[in-house]
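Peer 1:
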Amino acid sequence: MTDILCIGSVLWDVIGRASSHMRVGSDVPGRITRLPGGVAMNIAMTLRRFGMTPTLLTAIGRDAEGDELVAEAKRMGMICDHIYRSDDLPTDVYMAVEAANGLIAAIADAHSLEAAGNKILRPLSNGALGSEIKPFEGFVALDGNLTVELLQGIASSALFAAADLRVAPASPGKAERLLTLLEHSSATIYVNLEEAGLLCQTEFASSADAARALINRGARRVLVTDGGKDASEATGLDVLTLTPPAVLVTRVTGAGDTFMAAHIVSEAQGMDRRAALERALRAAATYVSGENPR
150 MTDILCIGSV
160 LWDVIGRASS
170 HMRVGSDVPG
180 RITRLPGGVA
190 MNIAMTLRRF
200 GMTPTLLTAI
210 GRDAEGDELV
220 AEAKRMGMIC
230 DHIYRSDDLP
240 TDVYMAVEAA
250 NGLIAAIADA
260 HSLEAAGNKI
270 LRPLSNGALG
280 SEIKPFEGFV
290 ALDGNLTVEL
300 LQGIASSALF
310 AAADLRVAPA
320 SPGKAERLLT
330 LLEHSSATIY
340 VNLEEAGLLC
350 QTEFASSADA
360 ARALINRGAR
370 RVLVTDGGKD
380 ASEATGLDVL
390 TLTPPAVLVT
400 RVTGAGDTFM
410 AAHIVSEAQG
420 MDRRAALERA
430 LRAAATYVSG
440 ENPR
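Per our numbering: the sequence shown = residues 150 to 443.
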């Protein structure tokens, strides 16, 4: 039985990391790794470390890279029975360069996921995971790599009427795709400070200010992070702001996904607001320091 559906990008992360500072045109020594990634996959991997069993709903090609990716997901204990496997679309990939001064550049090639469209949601309507008569009940982690059209469909779909939606943009460049889900009655929105600014078409000085603004725009509940500074959770009633532990940053790709997953796990286990936010911040800090949170 699944504990949560992770809907969105599952791909290969190709990450180049250097210990020195970099700028445009830099050519420095470092390490290049290839690991399972994508927002949905990053969330699922953290959920597994905390003991939850996620089901992946995504598009993966029937190529060698796709076979290897599915095999790796199964090895980690994820349910892959409902993944849409395409004969025509290649497996997606994300490429990034990180240095001592943070993320230098990244390119997300999630075109296959976008091309697959609502085919990835078939298990929610054909009875495998749910139907319009008996929609899926439980947590759903949804990422912004889906097309605007598909997100709009999800926002009004009866298939998600009973779900506890947890929504995150794939990147600042795709943050505005979430506008269609901002006022969803069961959605919790996870964004960083930059993404919150894009959704509100302004800039914010703090996570608390951003969280209040998103609530004023109609969001039911939001969590806004601001790197190592602080994070705020807001509802229509109040704002809770906490500061994460100070750590040496060795990686950044996937930190927000780790935060979101740890927060979902904490609430699934019955933790209160403060304890859940504290645990999520600790998990994200542990992750960026180079360790795997547990």
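Where is the CB? At the ideal position from N, CA and C, for every residue including glycine.
No experiment lies behind these values; they were computed from the predicted model shown.
Restricting to Cα atoms, I'd like to know which of Ala317, Phe285 and Leu331 is closest to Ala304.
Peer 2: Leu331
Peer 1: From Gly446 to Glu214, what distance separates their C-alpha atoms?
Peer 2: Lying outside 150 to 443, the shown extent of the chain, residue 446 is not represented and no answer is given.
Peer 1: Given a cut-off of 8 Å, decide if Tyr339 and Arg361 are closer than it, judged by their beta-carbon atoms.
Peer 2: no
Peer 1: With 16 other CB atoms within 10 Å as the buried threshold, where does Arg428 fall?
Peer 2: buried
Peer 1: Identify, in the order they occur along the chain, each residue of the same chain with its Cβ nearer than 7 Å to the Cβ of Ala264, setting aside the five sequence neighbours on each side.
Peer 2: Leu238
Peer 1: How big is the Cα-Cα spacing for Thr195 and Arg431?
Peer 2: 13 Å
Peer 1: Leu327 and Leu348 look like a contact to me (Cβ under 8 Å); what is the Cβ gap, rounded to whole Å?
Peer 2: 7 Å
Peer 1: Roughly how many angstroms separate the alpha carbons of Ser320 and Met150, rounded to a whole number?
Peer 2: 30 Å
Peer 1: Could you check if Ile413 is buried or exposed, using at least 16 other CB atoms within 10 Å of its CB as the buried criterion?
Peer 2: buried
Peer 1: Cβ atoms of Thr240 and Asp212: under 8 Å apart, would you say?
Peer 2: yes
Peer 1: Whole angstroms is fine: what's the gap from Arg172's alpha carbon to Glu343's?
Peer 2: When only Cα atoms are considered, Arg172 and Glu343 end up about 21 Å apart.
Peer 1: Let's see if you can read the secondary structure: which residues bound the beta strand (DSSP E) around Leu389?
Peer 2: Val388 to Leu391
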